[in-house]
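Peer 1: Can you read through this structure? Questions will come right after.
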Amino acid sequence: MEIMVPHPWPSTPPEAEAIQNELRGRVEPAGSVTPRTVAGLDVSYAGDGGGDRARVAAAAVVLDAETLEVVAESVAVGTSDFPYVPGLFAFRELPTLVEALRGLDATPDLLVCDGYGLAHPRRFGLACHVGVITGLPTIGVAKTAFVGTYEQPGPKRGDRSPLLLDGVEVGRVLRTQDGVKPVFVSVGHRVGLDEACRLTLALAPRFRLPETTRRADRLSRDRLATV
DNA sequence: GCGACAG
DNA sequence: ATCTTGTCGC
Numbered sequence: 001m002e003i004m005v006p007h008p009w010p011s012t013p014p015e016a017e018a019i020q021n022e023l024r025g026r027v028e029p030a031g032s033v034t035p036r037t038v039a040g041l042d043v044s045y046a047g048d049g050g051g052d053r054a055r056v057a058a059a060a061v062v063l064d065a066e067t068l069e070v071v072a073e074s075v076a077v078g079t080s081d082f083p084y085v086p087g088l089f090a091f092r093e094l095p096t097l098v099e100a101l102r103g104l105d106a107t108p109d110l111l112v113c114d115g116y117g118l119a120h121p122r123r124f125g126l127a128c129h130v131g132v133i134t135g136l137p138t139i140g141v142a143k144t145a146f147v148g149t150y151e152q153p154g155p156k157r158g159d160r161s162p163l164l165l166d167g168v169e170v171g172r173v174l175r176t177q178d179g180v181k182p183v184f185v186s187v188g189h190r191v192g193l194d195e196a197c198r199l200t201l202a203l204a205p206r207f208r209l210p211e212t213t214r215r216a217d218r219l220s221r222d223r224l225a226t227v
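Under the UniProt record's numbering, the first residue of the first sequence is numbered 1, with each subsequent residue one higher.
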């Protein structure tokens, strides 16, 4: 698919924050989302991923939203030149992730990101950034807590509790399987929170994480091992 | 001021 | 994120 990034890749945190503040106004509200295809995005690191200039592999795997079968996939290798800074996470993974997306034959109807969307210090996490850049509906599904406060949701699949930031629900803590740790769902671009949770559950019929994320994780990891 | 902090 | 042994469960 075609992607036009509306800004240069920053090399320092101040430059990155300025870009987030500029792009944050371009996030669009919920529209009607009934995806036929959904793409999962993920990035793997070689060696000490916490260091700068690490070798990375980014993957985009498109699944049929109904059958969860793989219909397309793309991987890109590169380096992450931006340091890992909580809140500026997008700038570390986006360059390679964009390359992976560009390698897809078809354009997915929805993108599922590994991280947060609006549940972010400046309300502009990775999922929002990917959404604004691609123009596609996006949601973020994170594995651990970042910002906001919440109560532990019930023990069953589907149980949820609001993720609050300054008294506003910026996301939801969602249990995708009975008795397993919940995931953190937040809206990225053009999708509502209720819809984001419904989609996340539909994409995770058997495991904790969405099938989209699991496929992208495996593909990016395998690519690093092969190069 | 100090600590916490998506991947 | 990645580095890692053994261990519990389907």
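Where a beta carbon is used, it is the ideal one built from N, C-alpha and C, also for glycine. Since the model is a prediction, treat every value here as computed from it, not as a measurement.
Apart from the five residues on each side of it in sequence, which residues of its chain come closer than 6 Å, Cβ to Cβ, to GLY87?
Peer 2: As a position in the first sequence, residue 87 is number 87, starting the count at 1. Result list for GLY87: PRO121, in chain order.
Peer 1: Would DSSP call LEU94 helix, strand or coil?
Peer 2: Within the first sequence, residue 94 is the residue found at index 94, counting from 1. Helix.
Peer 1: Which residues in the same chain as PRO153 place their Cβ atom closer than 8 Å to its Cβ, once the five residues preceding and following it in sequence are excluded?
Peer 2: If you number the first sequence from 1, residue 153 lands on position 153. These residues qualify, in order along the chain: ASP159, ARG160, SER161, VAL173, LEU174, ARG175 and PRO182.
Peer 1: Between the alpha carbons of LYS143 and VAL180, how many angstroms are there, rounded?
Peer 2: By 1-based counting over the first sequence, the position of residue 143 is 143. By 1-based counting over the first sequence, the position of residue 180 is 180. Approximately 12 Å between the Cα atoms of the pair.
Peer 1: Apart from the five residues on each side of it in sequence, which residues of its chain come closer than 7 Å, Cβ to Cβ, to THR79?
Peer 2: Here residue 79 is taken as the residue at index 79 of the first sequence, counted from 1. Once the five neighbours on either side are set aside, the close Cβ partners of THR79 are ARG53, ALA54, ARG55 and VAL56.
Peer 1: For GLY103 versus SER74, is the C-beta distance shorter than 8 Å?
Peer 2: Mapped onto the first sequence, residue 103 falls at position 103. Mapped onto the first sequence, residue 74 falls at position 74. Result yes, Cβ atoms of GLY103 and SER74 sit closer than 8 Å.
Peer 1: Specify the secondary structure class of SER32 as computed by DSSP and reduced to three states.
Peer 2: As a position in the first sequence, residue 32 is number 32, starting the count at 1. SER32 falls in the coil class under three-state DSSP.
Peer 1: Just the C-alpha distance for PRO29 and PRO6, rounded to the nearest angstrom, thanks.
Peer 2: Mapped onto the first sequence, residue 29 falls at position 29. Mapped onto the first sequence, residue 6 falls at position 6. So the alpha carbons of these two residues sit roughly 20 Å apart.
Peer 1: Going by beta-carbon coordinates alone, are ALA60 and ALA216 separated by less than 8 Å?
Peer 2: Position 60 of the first sequence, counted from the first residue, corresponds to residue 60. Position 216 of the first sequence, counted from the first residue, corresponds to residue 216. Contact: yes.
Peer 1: Should ILE133 and LEU199 be called a contact, given that it needs their Cβ atoms to be closer than 8 Å?
Peer 2: Counting from one through the first sequence, the residue named residue 133 turns up at place 133. Counting from one through the first sequence, the residue named residue 199 turns up at place 199. The answer is no: Cβ separation not under 8 Å.
Peer 1: Using DSSP with H/G/I as helix, E/B as strand and the rest coil, what is VAL180?
Peer 2: The sequence position of residue 180 within the first sequence is 180, counting from 1. Here VAL180 sits in coil by DSSP.
Peer 1: Starting from ARG160 and walking both ways along the alpha helix (DSSP H), at which residues does that stretch end?
Peer 2: The residue labelled residue 160 in the question sits at position 160 within the first sequence. Segment 160-165 is the beta strand (DSSP E) holding ARG160; no alpha helix (DSSP H) there.
Peer 1: I need the boundaries of the alpha helix (DSSP H) containing ILE3, first residue and last residue.
Peer 2: By 1-based counting over the first sequence, the position of residue 3 is 3. Per DSSP, ILE3 belongs to no alpha helix (DSSP H) and is neither H nor E.
Peer 1: Output the distance between the C-alpha atoms of ARG26 and ALA16, rounded to the nearest integer angstrom.
Peer 2: Residue 26 sits at position 26 when you count from the first residue of the first sequence. Residue 16 sits at position 16 when you count from the first residue of the first sequence. Taking the straight line from one Cα to the other gives about 16 Å.
Peer 1: Which partner residues does VAL168 have in the DSSP bridge list?
Peer 2: Position 168 of the first sequence, counted from the start, is the residue given in the question as residue 168. DSSP output for VAL168 lists LEU165 as bridge partner(s).
Peer 1: Determine the direct distance from the alpha carbon of LEU193 to that of SER32, and round the result to whole angstroms.
Peer 2: On the first sequence, residue 32 is found 32 positions in, with the first residue counted as 1. On the first sequence, residue 193 is found 193 positions in, with the first residue counted as 1. Going by the C-alpha atoms only, they are around 12 Å apart.
Peer 1: Terminal residues of the continuous alpha helix (DSSP H) containing ALA225?
Peer 2: Position 225 of the first sequence, counted from the start, is the residue given in the question as residue 225. Unbroken alpha helix (DSSP H) run through ALA225: 211-226.
Peer 1: Could you give the distance in angstroms between the alpha-carbon of GLY167 and the alpha-carbon of ASP42?
Peer 2: Along the first sequence, one-based indexing puts residue 167 at 167. Along the first sequence, one-based indexing puts residue 42 at 42. Using only the alpha carbons, I get a separation of about 30 Å.
Peer 1: Evaluate THR96 with the Cβ neighbour count: other Cβ atoms within 10 Å of its Cβ, from every protein chain shown; 16 or more gives buried, anything less gives exposed.
Peer 2: Sequence index remark: in the first sequence, residue 96 carries index 96 (1-based). With 16 or more other Cβ atoms within 10 Å, it is buried.
Peer 1: Quick check on DSSP: helix, strand or coil for ALA145?
Peer 2: Within the first sequence, residue 145 is the residue found at index 145, counting from 1. Of the three classes helix, strand and coil, the one that applies to ALA145 here is coil, per DSSP.
Peer 1: Is the Cβ-Cβ distance between TYR116 and ALA127 less than 8 Å?
Peer 2: In the first sequence, residue 116 corresponds to position 116, counting from 1. In the first sequence, residue 127 corresponds to position 127, counting from 1. Taking 8 Å as the Cβ cut-off, TYR116 and ALA127 qualify as a contacting pair.
Peer 1: Can you check whether the CB of ALA119 is closer than 8 Å to the CB of PHE82?
Peer 2: By one-based count along the first sequence, residue 82 stands at place 82. By one-based count along the first sequence, residue 119 stands at place 119. No, the Cβ-Cβ distance between PHE82 and ALA119 is not below 8 Å.
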